[in-house]
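Q: Would you mind keeping the following structure in view while I ask a few things?
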Amino acid sequence: MKAIQMLAAGGPEVLQLAEVAEPAIDGAGQVKVRVHAAGVNPIDTKLRSRGLFFPDALPAILGLDGAGVICEVGAGVNAFKPGDEVWYCNGGLGREPGSYAEYVVLEASLARRKPKSIDFAEAAAGPLVLLTAWEGLFDRAALQAGQTVLVHAGAGGVGHVAIQLAKWAGARVVTTVGTAEKAAFVRALGADHVIDYRREDFVEAIAKWTDGRGVDVCFDTVGGETFTRSIDATAHYGSLITLLEPAAGTVWREARTRNLKIGFELMLTPLMRDLPEARAHQGEILDRCAELIDQGCLRLHVSHRYVLAEAAAAHTQIEGGRVQGKLVLLP
Numbered sequence: 001m002k003a004i005q006m007l008a009a010g011g012p013e014v015l016q017l018a019e020v021a022e023p024a025i026d027g028a029g030q031v032k033v034r035v036h037a038a039g040v041n042p043i044d045t046k047l048r049s050r051g052l053f054f055p056d057a058l059p060a061i062l063g064l065d066g067a068g069v070i071c072e073v074g075a076g077v078n079a080f081k082p083g084d085e086v087w088y089c090n091g092g093l094g095r096e097p098g099s100y101a102e103y104v105v106l107e108a109s110l111a112r113r114k115p116k117s118i119d120f121a122e123a124a125a126g127p128l129v130l131l132t133a134w135e136g137l138f139d140r141a142a143l144q145a146g147q148t149v150l151v152h153a154g155a156g157g158v159g160h161v162a163i164q165l166a167k168w169a170g171a172r173v174v175t176t177v178g179t180a181e182k183a184a185f186v187r188a189l190g191a192d193h194v195i196d197y198r199r200e201d202f203v204e205a206i207a208k209w210t211d212g213r214g215v216d217v218c219f220d221t222v223g224g225e226t227f228t229r230s231i232d233a234t235a236h237y238g239s240l241i242t243l244l245e246p247a248a249g250t251v252w253r254e255a256r257t258r259n260l261k262i263g264f265e266l267m268l269t270p271l272m273r274d275l276p277e278a279r280a281h282q283g284e285i286l287d288r289c290a291e292l293i294d295q296g297c298l299r300l301h302v303s304h305r306y307v308l309a310e311a312a313a314a315h316t317q318i319e320g321g322r323v324q325g326k327l328v329l330l331p
């Protein structure tokens with residue numbers, strides 16, 4: 001089969017189209033999926049440039065989330081049959097092969113039924129960002145109806161679904177963007193207030209929008225100085241959830257004075273640490289999101305679809321910081 005192999009850590013040029021052995025089912029509980037689309041995420045570019053999470057993993061196939069059609073099932077699989085359409089988040093970290101390929105094999109429990117109302121490319125764009133946004137907003141921050149939430153980088157992959165999930169939950173949403181085009185995009189997603197961080201100070205803008213109170217929940221997808229300054233934008237006794245590790249020199253005095261709940265969101269943890277209960281919970285999240293998508297309450301925006309051989313170009317676009325929504329590869 002054709003696949004994109006990562007041959008070494010480095011720039012996008014280390015991603016090469018290759019002919020590799022087609023994976024085979026070797027466990028009764030596994031399914032084999034013909035991949036119709038694979039999501040491309042910032043974590044893929046970081047793994048490519050810095051190295052994989054597991055030793056002796058090269059050459060490797062990246063790609064955590066994907067969507068496709070089951071073509072074979074193990075002897076112990078009853079939930080699926082050949083021809084079933086699924087989406088999933090699995091592999092791509094250096095231990096199991098990822099979705100930048102024509103076929104993948106995974107445990108049947110990790111495959112979930114694809115939303116019926118969207119195509120494979122849209123479905124492949126969803127799992128990682130949906131799990132990240134859901135866990136951050138609901139599992140970490142316990143977002144409630146009537147609360148205010150700040151979503152940083154609302155036009156991005158995680159941000160654009162976080163806005164929609166927060167609105168579905170009954171929250172008032174403010175978000176930051178860097179262009180007029182992105183501002184129009186997030187407004188169409190339901191954002192109540194939009195801050196162009198290039199033109200105005202987001203802390204001052206939040207103070208004005210909330211009458212000086214700050215937001216109940218801040219969802220930081222940017223990190224660095226944005227995380228540090230978000231402390232001042234979060235209400236006393238509020239929640240500040242980040243996807244990134246705070247800088248070593250972060251000053252926590254104001255966060256402590258405000259009694260903030262600081263939370264970290266890394267949806268990769270169950271994949272890295274073999275936590276079956278957490279992985280089952282993530283499957284339930286995907287099922288719930290599929291329902292919301294089919295009900296018209298949630299949409300996934302794919303800004304560009306690349307053929308498999310153009311994986312390096314997709315990585316280059318992500319690293320340029322110009323992506324609105326998600327990118328996908330089409331094997």
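Residues in the sequence shown are numbered consecutively from 1, following UniProt numbering.
Note that the Cβ used here is the ideal one computed from N, Cα and C, for glycine as well.
Quick one: give me the first and last residue of the beta strand (DSSP E) that residue 37 is part of.
A: Indexing the sequence shown from 1 puts residue 37 at position 37. Per DSSP, residue 37 belongs to the beta strand (DSSP E) from 30-40.
Q: For residue 189 and residue 231, what's the separation of their Cα atoms in angstroms?
A: Indexing the sequence shown from 1 puts residue 189 at position 189. Indexing the sequence shown from 1 puts residue 231 at position 231. Between residue 189 and residue 231, the C-alpha separation is close to 26 angstroms.
Q: Under the DSSP definition of a beta bridge, which residues are partnered with residue 16?
A: For the purposes of this step, residue 16 is taken as residue 16 along the sequence shown, with counting starting at 1. DSSP output for residue 16 lists 5 as bridge partner(s).
Q: Return the residue from the list 100, 167, 118, 88 that minimises the CA-CA distance to residue 131.
A: For the purposes of this step, residue 131 is identified with residue 131 of the sequence shown, where counting begins at 1. Minimum Cα distance to residue 131 is reached at 88.
Q: Just to confirm my understanding: we take residue 115, look at its own chain, exclude 5 residues before and 5 after, and list those with CB closer than 7 angstroms. What are they?
A: Against the sequence shown, residue 115 aligns to sequence position 115. So the qualifying residues of the chain are 123, 290, 293, 294.
Q: Nearest to residue 320 by alpha carbon, out of 7, 11, 195?
A: Counting from 1 along the sequence shown, the entry for residue 320 is found at position 320. Checking every option, the nearest Cα to that of residue 320 belongs to 11.
Q: Between the Cα of residue 212 and the Cα atoms of 202, 219, 221, which residue gives the shortest distance?
A: The count along the sequence shown starts at 1 and reaches residue 212 at position 212. Minimum Cα distance to residue 212 is reached at 202.
Q: Taking Cβ positions only, does residue 306 come closer than 8 angstroms to chain B?
A: In summary, chain B is missing from the structure at hand, where a single protein chain is found.
Q: Using the DSSP secondary-structure output, state which residues sit across from residue 68 in a beta bridge.
A: Here residue 68 refers to the residue found at position 68 of the sequence shown. Bridge partners of residue 68: 35, 86.
Q: Between the segment 192-202 and the segment 165-175, can you find at least three pairs of beta-carbon atoms closer than 8 angstroms?
A: yes
Q: To the nearest angstrom, how far is the alpha carbon of residue 267 from that of residue 240?
A: Within the sequence shown, numbered from 1, the residue matching residue 267 stands at position 267. Within the sequence shown, numbered from 1, the residue matching residue 240 stands at position 240. Cα to Cα, residue 267 sits roughly 17 angstroms from residue 240.
Q: Ordered along the chain, which non-local residues of its own chain (more than five positions away) have a Cβ less than 7 angstroms from that of residue 14?
A: As a first step, residue 14 is located in the sequence shown; it is residue number 14 there, counting from the start. These residues qualify, in order along the chain: 6, 7, 8, 48.
Q: Span of the alpha helix (DSSP H) holding residue 148?
A: Taking the sequence shown and counting its residues from 1, the one referred to as residue 148 is at position 148. No alpha helix (DSSP H) holds residue 148; the beta strand (DSSP E) holding it covers 148-151.
Q: For residue 174, is the beta carbon positioned less than 7 angstroms from some heavy atom of the ligand COA?
A: The ligand COA is not among the ligands present in this structure, which contains no ligands whatsoever.
Q: Provide the residue span of the alpha helix (DSSP H) that contains residue 128, from first to last.
A: In the sequence shown, residue 128 corresponds to position 128, counting from 1. Here the alpha helix (DSSP H) through residue 128 covers 127-134.
Q: In the DSSP assignment, find the unbroken alpha helix (DSSP H) run with residue 227 in it and report its ends.
A: In the sequence shown, residue 227 corresponds to position 227, counting from 1. Taken as a continuous stretch (DSSP letters only), the alpha helix (DSSP H) holding residue 227 covers 225-230.
Q: Where does residue 206 sit, in a helix, a strand or coil, going by DSSP?
A: Counted from its first residue, the sequence shown places residue 206 at position 206. Here residue 206 sits in helix by DSSP.
Q: Where residue 28 and residue 76 are concerned, what is the direct C-alpha to C-alpha distance, given to the nearest angstrom?
A: Walking along the sequence shown from the start, residue 28 turns up at place 28. Walking along the sequence shown from the start, residue 76 turns up at place 76. The straight-line gap from Cα to Cα measures roughly 5 angstroms.
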